[in-house]
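Worksheet for the structure shown next.
Right, here's the structure in full:
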């Protein structure tokens, strides 16, 4: 499918063709526009011109023009001319409707010379970068502009002065009416250029996307600030009163440091009190341990139902029941907790429970090994190594949560390369609730609290704990809750003694009980007599004289 | 520049991780993924122990180079490196590591606890001299009652204190105070968790 050449005039409507014919007739009456010299035109352009000449047939488009044609080029040939500036074409479109009063032809360009002159006066450097555009403008000059309309020629030059659009010379300004002159605050305006320094022409930028273009806003400093957040001052906004308070606080701290740095002159009575108190405490604890005294009466189990609960729960365990023992114990509390642990674990071993040891403290596995070897080494399950120490579980409460939800997926340090879950003690364990009992051995109440919070809700059998005596007030709240979050508790030496009494055994707790009793009495005596002495010394101590008070009668 | 970029990433990781674990506790079907994320935390906590060991070594090595308490730092570094090396070589349950634990670490920590008990006793004896206020006397009276009710004194039990007064203090006063304390701890934990989840608190260094 080929597209043949066709005359653009064919598709024009009749009214437009009549209008064009009328324009041609009017153009013929005026001075014809200066056509370009055909001798200077290239061959290809001449061919196009011949092809669209009126009267030329399509059969002879190849004939070149013999000489300069006197006929006007067809309007369609204007697309072969160099492009006029955009404002002139727009002016053609605006002027194209044949208004009868228009004094000039529609194809004639508007008179733009005064505007260009004003632009050149105002911005002499503005046209320099656009030299290539200025080279096109001679085509505009080549067109013969029509004579100035009559009404413009006859107009008064003083009534319509040709004023440039912008002039820095105040003398060039036309005269203004008096009322406008009185309103103009001429004296208030600075005569220098009010543009900011960033807007003043400084020559073309040397870098960036606008390199080489003049009279553009400099963007280098703007580009450098992109992405830079506003930085606020972090200095404290301190008022005067706050500054005074800070000075007072600083003086107090300095006085405290100075007091601690100075050698303390303790009174002789205080030194004797400290010495005698320490000797009394040491003697009260050591003498019963050395003599092996068992004179102090053991407390009744009715005073501690939580101890009886844990005893009853262990007592009904079947043989071979898996019991998880969390050994979250610190070495500092080992001596206090060891009697209770040995008593409870001894009961478990007597019931032939399969012990699985675990610790969330770094020293827990070592303490567990030491306790089993030291106090329960004679039991068959310990001597034969029929227990499993899973080792240390790092991660705190997060690790406990992971252990609760997926015991087989946790990372443990104890068993080494072998899989502990393939041992007989753990083969039946899929969840934490599969253990027959979970026993937490802890130094403080917080460790047990974490176990209760992370695992207590998913354990139908509940939790049991062996702790230091200092954890009892905190854990008592969980013992008294309904349903109880903590089923049983053995705390301190007294709990160990009660448990041993329930078992009908004499163990480490009983051995420590007299030392505990005598040490408790010694503490009460030291505090009682120490407080009396302190009160007496305070009343007999001379009071320092108040500054400004009269020195005597 | 690195810090400016790393802070939003650390905060995003913390918020997303905490939010996911929280959502997984409420929505079924995410248990396996939650367990995996929690295991990552377990491994990171174990790695933090090694980082703490390295930091301790660096601090005391710097003290030795600066001549600041050189003897203590030297002893600490030798003991630390020896224990770490032997435990790494033999395992934590071998003879020498267990001997070090049983004969050095355990007695030292137990002795410190015993010394703390004696110090607290003497401090209580001097309490009146230091703080002669109604609250000071209240503390002393409560302490006397609890000590007398904790067990027999010199082998002799005072039933009125051990079976009447002490249980009242333990079961009502102490337990009530502890319940209030636990409620406060729970509310504080929730608030802290929410602040971390929304990025208001950045305990990871942000």
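Residue numbers (my numbering), protein chains in the order written: chain A, 3 to 555; chain B, 265 to 470. Using N, Cα and C, we set each Cβ at its ideal position, and we do this for glycine too. Note that this is a predicted model, so its numbers are computed, not measured.
Short CB-CB distance (under 8 Å) between residue i and chain A
i: residue 294 of chain B; result: no
i: residue 416 of chain B; result: yes
i: residue 303 of chain B; result: yes
i: residue 282 of chain B; result: no
i: residue 319 of chain B; result: no
i: residue 332 of chain B; result: no
i: residue 411 of chain B; result: yes
i: residue 297 of chain B; result: no
i: residue 279 of chain B; result: no
i: residue 402 of chain B; result: no
i: residue 286 of chain B; result: no
i: residue 408 of chain B; result: yes
Distance between residue j and residue i (C-alpha atoms, nearest Å)
i: residue 530 of chain B; j: residue 302 of chain A; result: The structure shown does not extend to residue 530 of chain B, since chain B is modelled only from 265 through 470, so no value can be given for it.
i: residue 525 of chain A; j: residue 343 of chain A; result: 26 Å
i: residue 52 of chain A; j: residue 44 of chain A; result: 13 Å
i: residue 318 of chain A; j: residue 311 of chain A; result: 11 Å
i: residue 107 of chain A; j: residue 47 of chain A; result: Note that residue 107 of chain A has pLDDT 44, beneath the 50 cutoff, so the model's placement of it is unreliable and the number below is only indicative. About 26 Å.
i: residue 25 of chain A; j: residue 16 of chain A; result: 14 Å
i: residue 327 of chain A; j: residue 425 of chain A; result: 17 Å
i: residue 350 of chain A; j: residue 325 of chain B; result: 48 Å
i: residue 456 of chain A; j: residue 406 of chain A; result: 7 Å
i: residue 320 of chain A; j: residue 354 of chain A; result: 8 Å
i: residue 294 of chain B; j: residue 454 of chain A; result: 22 Å
Short Cβ contact (8 Å threshold) for residue i with residue j
i: residue 392 of chain A; j: residue 347 of chain A; result: no
i: residue 375 of chain B; j: residue 368 of chain A; result: no
i: residue 520 of chain A; j: residue 325 of chain A; result: no
i: residue 275 of chain A; j: residue 535 of chain A; result: yes
i: residue 389 of chain B; j: residue 284 of chain A; result: no
i: residue 279 of chain A; j: residue 386 of chain B; result: yes
i: residue 306 of chain B; j: residue 396 of chain A; result: yes
i: residue 502 of chain A; j: residue 511 of chain A; result: yes
i: residue 411 of chain A; j: residue 394 of chain A; result: no
i: residue 443 of chain A; j: residue 468 of chain A; result: yes
i: residue 450 of chain A; j: residue 477 of chain A; result: yes
i: residue 338 of chain A; j: residue 496 of chain A; result: no
i: residue 391 of chain B; j: residue 400 of chain B; result: yes
i: residue 323 of chain A; j: residue 377 of chain A; result: no
i: residue 402 of chain A; j: residue 435 of chain A; result: no
N-terminal and C-terminal residue of the alpha helix (DSSP H) that residue i is part of
i: residue 433 of chain B; result: That residue, residue 433 of chain B, is in no alpha helix (DSSP H); it is neither H nor E in DSSP.
i: residue 315 of chain A; result: 307-317
i: residue 388 of chain A; result: Unbroken run through residue 388 of chain A: none, as it is neither H nor E.
i: residue 454 of chain B; result: 439-461
i: residue 424 of chain B; result: Counting along the chain, residue 424 of chain B falls outside any alpha helix (DSSP H), and DSSP gives it neither H nor E.
Closer than 8 Å to chain B by CB, residue i
i: residue 301 of chain A; result: yes
i: residue 509 of chain A; result: no
i: residue 516 of chain A; result: yes
i: residue 539 of chain A; result: yes
i: residue 478 of chain A; result: yes
i: residue 475 of chain A; result: yes
i: residue 542 of chain A; result: no
i: residue 334 of chain A; result: yes
i: residue 520 of chain A; result: yes
i: residue 493 of chain A; result: no
i: residue 254 of chain A; result: no
i: residue 496 of chain A; result: yes
Unbroken beta strand (DSSP E) run spanning residue i, endpoints
i: residue 557 of chain A; result: Residue 557 of chain A is absent from the structure shown; chain A starts at 3 and stops at 555.
i: residue 359 of chain A; result: 356-361
i: residue 557 of chain A; result: In this structure chain A extends from 3 to 555, so residue 557 of chain A is not present and cannot be described.
i: residue 324 of chain A; result: 324-330
i: residue 294 of chain B; result: It is not in any beta strand (DSSP E) - residue 294 of chain B carries neither H nor E in the DSSP assignment.
i: residue 442 of chain A; result: 439-444
**OP:** Pull out every residue of the region 436-467 of chain A whose Cβ sits closer than 7 Å to any Cβ of chain B, in chain order.
**Re:** If the cut-off is 7 Å between Cβ atoms, the region 436-467 of chain A has nothing near chain B.
Original post:
Can you list, in chain order, the residues of the region 385-399 of chain B whose Cβ is nearer than 9 Å to any Cβ on chain A?
Top reply: Look at the region 385-399 of chain B: the residues with a C-beta under 9 Å from a C-beta of chain A are 385, 386, 388, 389, 390, 391, 392, 393, 394 and 396.
Subject >> Contact list for the region 337-358 of chain B against chain A, Cβ threshold 7 Å >> reply: Under the 7 Å Cβ criterion, the region 337-358 of chain B contributes 356 and 357.
Original post:
For the region 399-433 of chain A, which residues have a beta carbon sitting closer than 7 Å to at least one beta carbon of chain B?
Top reply: Result list: 400, 401, 403, 404, 407, 408, 411, 412 and 413.
Original post:
Between the region 371-396 of chain A and chain B, which residues of the former have CB atoms less than 9 Å from a CB of the latter, in chain order?
Top reply: Residues passing the 9 Å Cβ filter: 371, 372, 375, 376, 391, 393, 394, 395 and 396.
Subject >> chain B contacts from the region 522-533 of chain A (Cβ-Cβ distance under 7 Å) >> reply: Of all residues in the region 522-533 of chain A, only 522, 523, 525, 526, 528, 529, 532 and 533 place a beta-carbon less than 7 Å from a beta-carbon of chain B.
Subject >> Short-range partners of chain A found in the region 439-460 of chain B, where Cβ spacing is below 7 Å >> reply: Of all residues in the region 439-460 of chain B, those with a C-beta nearer than 7 Å to a C-beta of chain A are 439, 442, 443 and 446, reading in chain order.
**OP:** Output, in sequence order along the chain, the residues in the region 309-320 of chain A whose CB is closer than 7 Å to any CB in chain B.
**Re:** So nothing in the stretch comes that close.
**OP:** Please list the residues of the region 362-380 of chain B that have a C-beta atom closer than 7 Å to any C-beta atom in chain A, keeping them in chain order.
**Re:** Only those residues of the region 362-380 of chain B whose C-beta falls short of 7 Å from the nearest C-beta of chain A are listed: 362, 365, 366, 369, 370, 373, 374, 376 and 377.
**OP:** Compile a chain-ordered list of the residues in the region 339-371 of chain A whose CB is closer than 9 Å to at least one CB of chain B.
**Re:** Cβ contacts with chain B: 364, 365, 367, 368, 369 and 371.
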